[in-house]
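Using numbering that gives the first Met the number 0, you'd call the opening residue of the sequence shown number 0 and step up by one each time.
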Amino acid sequence: MSLTHPSSKDRPTPEPTPPEETDADSSGAGSAAVGEAPSRWTVIGLPMWIFLPMFLLIALAVYTDTFPNTLISGFALATALGVMLMWIGQQVPVLKDFGLPIILALFLPAVFVWQGWIPAGTVEAMEAFTTEQGAWDFILVSIITGAILGMPRQLIIKAGVRYAVPVVGTIVGVLALMGLIGAALGYGFGRTIFFVAAPVMAGGLPIGAIPMSEMYAEASGGAPAEYLSILVSAVLVANVLCVVFAAVLNGLGKRALQTRTWFNGNGQLLRASAEDAESMRIPAKPSGSTFAALGQGLLIAGTLYVVGSMLNSVVPDIHTYAWVTFVAAAIKIIGFVPDSIEDAASQWGDYATAAFVPALLASVSIASIDIGGVVEGFTDPTFILLIALTVGVAGVIAGLLGYLVRFYVVESAIVPGLVMADTGGSGDVAVLSAAERMHLLPFATVATRLGGALLLVLTSTLVPILGAGVF
0 MSLTHPSSKD RPTPEPTPPE ETDADSSGAG SAAVGEAPSR WTVIGLPMWI
50 FLPMFLLIAL AVYTDTFPNT LISGFALATA LGVMLMWIGQ QVPVLKDFGL
100 PIILALFLPA VFVWQGWIPA GTVEAMEAFT TEQGAWDFIL VSIITGAILG
150 MPRQLIIKAG VRYAVPVVGT IVGVLALMGL IGAALGYGFG RTIFFVAAPV
200 MAGGLPIGAI PMSEMYAEAS GGAPAEYLSI LVSAVLVANV LCVVFAAVLN
250 GLGKRALQTR TWFNGNGQLL RASAEDAESM RIPAKPSGST FAALGQGLLI
300 AGTLYVVGSM LNSVVPDIHT YAWVTFVAAA IKIIGFVPDS IEDAASQWGD
350 YATAAFVPAL LASVSIASID IGGVVEGFTD PTFILLIALT VGVAGVIAGL
400 LGYLVRFYVV ESAIVPGLVM ADTGGSGDVA VLSAAERMHL LPFATVATRL
450 GGALLLVLTS TLVPILGAGV F
């Protein structure tokens with residue numbers, strides 16, 4: 000996909016882009032099996048008449064207190080519950096485009112726990128699944144590694160400097176400015192950064208709120224659940240606002256300042272020559288994966304996690320996930336690893352995103368989300384105001400910085416501005432749909448992945464500096 004918006008005659012067919020970590024569609028909740036026509040009555044490719052008995056058998060084990068406390072059973076329950084709830088969300092017109100599948104998978108299990116509808120033994124088993132059995136590390140490291148090694152090297156080298164200006168500048172500017180605004184409003188400089196600006200700008204839950212909650216817990220000596228509820232609240236509120244702001248920007252582009260050649264590109268991101276646009280083209284991804292490639296990707300992700308853990312033991316102020324990001328980025332930039340190996344890591348990351356994110360959401364909900372804390376977050380007017388300001392500031396800063404590197408203001412405000420503040424894959428789709436700029440999805444993916452990784456590293460660096468008075 001090029002940075003320019005070609006005419007319909009010359010425009011290539013868009014390549015499919017793998018959804019990001021918390022993408023509602025990434026579960027395949029409503030997809031059919033390979034080679035079959037999509038059907039409303041399939042869940043992760045399984046016909047409902049096959050999936051539902053499996054779901055009920057798992058539920059029977061839960062409510063007869065015979066649910067085993069193992070890694071494989073944890074995946075079974077979390078996946079079945081996650082994809083079922085996401086499938087339900089996909090059946091609701093309009094709301095499915097505003098993150099309803101994610102909201103259901105992320106909050107309903109926590110409501111069930113809150114109401115006592117999930118037995119205590121199962122809750123304890125899911126808590127062990129997420130922490131003691133290492134399910135979160137398994138999923139998150141796979142996604143982070145695949146995201147970094149799956150980025151085109153030439154895109155990073157040739158266009159990284161130009162595109163990095165609005166991406167990096169927006170992240171740094173939002174954190175700094177929102178910290179000052181939060182301090183002025185009495186919410187606190189560090190608290191605003193860690194609980195509002197950082198999770199909102201991280202571009203989703205798997206490489207945003209979830210690892211951040213673990214960072215904060217490690218810094219405070221507490222538990223991730225103490226922080227996760229408020230972080231999730233910030234992310235979900237911001238996602239809705241991003242969609243609204245994108246629609247407003249689209250309207251402004253059509254009706255205001257239309258005569259300004261620098262303001263609205265009508266879908267074209269870069270004010271550049273065809274040669275510059277071609278250098279930003281994102282190549283197509285492989286259409287399928289082999290078992291060997293997935294095994295290689297798993298080994299690569301696991302090795303990077305081990306390396307990150309070792310580096311964390313030497314420099315504990317930088318979180319293991321941040322070290323994984325550093326090492327993966329160094330491997331990508333240096334380019335000494337064969338493309339086939341990088342592709343294997345990318346394919347494993349895409350597989351983890353598609354197969355495990357529903358399980359991640361449901362397990363996070365059962366084990367870590369306190370509904371009372373979420374409700375409290377939504378009832379705090381200062382918290383809501385700061386979230387709205389974060390989204391707005393992200394769009395303004397990205398638009399201005401984009402203008403400086405010859406991007407159109409409206410397009411840059413949306414990509415990378417607003418797409419870094421939504422929930423990732425499904426959020427990107429909703430934002431770009433509202434802005435009528437779906438062809439920019441590949442660049443939204445770039446901003447979300449690289450921006451989220453940078454934000455994770457930056458947050459890890461700031462925790463020991465600013466966290467003393469916050470956690």
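Heads up, the beta-carbon is just placed ideally off N, CA and C, and yes, glycines get one too.
- Query: Going by C-alpha distance, which of L454, L45, L251 and F470 is nearest V167?
  - Reply: L454
- G44 in three-state terms, based on DSSP: strand
- Query: Roughly how many angstroms separate the alpha carbons of A434 and D421, rounded to a whole number?
  - Reply: 14 Å
- Provide the residue span of the alpha helix (DSSP H) that contains A327, from first to last. T319 to I333
- Task: Mind listing, in chain order, the continuous alpha helix (DSSP H) runs of no fewer than 4 residues lying wholly within the stretch 383-470?
- Result: With a minimum length of 4 residues, the continuous alpha helix (DSSP H) runs that stay inside the stretch 383-470 are 408-411, 424-434 and 440-465.
- Message: Tell me which residues share the same chain as L76 and place their Cβ nearer than 6 Å to its Cβ, disregarding the 5 neighbours each side in the sequence.
- Response: I57
- Answer yes if the stretch 138-151 comes into contact with the stretch 295-304, meaning at least three C-beta pairs across the two stretches below 8 Å, and no otherwise. yes
- Task: Under the assumption that F66 contacts A124 (Cβ atoms under 8 Å), give the Cβ distance between them as a whole number of angstroms.
- Result: 6 Å
- Below 8 Å between beta carbons: does that hold for S364 and A109? yes
- Query: For the putative contact between G296 and W347, defined by C-beta atoms under 8 Å, what is the C-beta separation to the nearest angstrom?
  - Reply: 2 Å
- Anyone know if the C-beta pair for L359 and A393 falls short of 8 Å? Contact: no.
- Query: With a Cβ-Cβ cutoff of 8 Å, do Y402 and W261 count as a contact?
  - Reply: Closer than 8 Å, so yes.
- Task: For L268, name the three-state secondary structure that DSSP assigns.
- Result: coil
- alpha helix (DSSP H) runs contained entirely in the stretch 68-107, provided each spans 4 or more residues: 70-89
- Query: So I206 packs on A452, CB below 8 Å; how close in whole Å?
  - Reply: Right, their Cβ atoms sit about 7 Å apart.
- What did DSSP end up calling Y494 once you bin it into helix, strand or coil? The chain is shown only over 0 to 470; residue 494 falls outside these bounds and no answer can be derived.
- Query: Which value, in whole angstroms, describes the spacing of the CA atoms of A134 and L70?
  - Reply: 8 Å
- Message: Starting from N311, trace the alpha helix (DSSP H) in both directions and tell me its first and last residue.
- Response: F290 to V313
- Task: Please report the residue range of the alpha helix (DSSP H) in which P210 lies.
- Result: It spans I209 to S219 - the alpha helix (DSSP H) in which P210 sits, taken as one unbroken run.
- Query: Should the stretch 203-223 be called in touch with the stretch 170-185, which here means at least 3 C-beta pairs below 8 Å?
  - Reply: no
- Taking L269 as the reference, which of L99, L461, A412 and F106 has the closest Cα? A412
- Task: Give the C-beta separation of D369 and A237 to the nearest angstrom, bearing in mind that I take them to be a contact with Cβ-Cβ under 8 Å.
- Result: Not a contact, Cβ separation roughly 20 Å.
- Taking C-beta to C-beta, are I386 and V199 nearer than 8 Å? yes
- Would you report the Cα separation of L99 and F335, rounded to the nearest angstrom? 42 Å
- Query: For E35, which residues from the same chain have a beta carbon less than 6 Å from its beta carbon, with the 5 sequence-adjacent residues on both sides left out?
  - Reply: Legend: pLDDT at E35 = 46, less than 50; position of this residue unreliable, no value from coordinates given.
- Task: Give the secondary structure of N249 by DSSP, where H, G and I count as helix, E and B as strand, and everything else as coil.
- Result: If DSSP states are grouped into helix, strand and coil, N249 belongs with the helices.
- Task: Find the nearest neighbour of V445 within the set Y62, A201 and L55, judged by alpha-carbon distance.
- Result: A201
- Item | N263 classed as buried or exposed, judged by whether at least 16 other C-beta atoms fall within 10 angstroms | Buried, since its Cβ has 16 or more Cβ neighbours within 10 Å.
- Is it the case that the Cβ atoms of G145 and A344 are separated by a distance below 8 Å? yes
- Do the CB positions of G44 and Q132 come within less than 8 Å of each other? The Cβ-Cβ distance between G44 and Q132 does not fall below 8 Å.
- Message: Among L465, V414, L457 and V462, whose alpha-carbon lies nearest the alpha-carbon of L440?
- Response: V414
- Query: Quick one: what does DSSP say Q346 is sitting in, helix, strand or coil?
  - Reply: Collapsing the DSSP output to three states places Q346 in a helix.
- Looking only at C-alpha atoms, which of I147, P92 and G391 sits nearest to R39? With distances taken between CA atoms, R39 lies nearest to P92 out of I147, P92 and G391.
- Query: Whole-angstrom Cβ separation of T169 and A397, contact assumed at under 8 Å?
  - Reply: 4 Å
- Coarse secondary structure for F50, derived from DSSP in three states: helix
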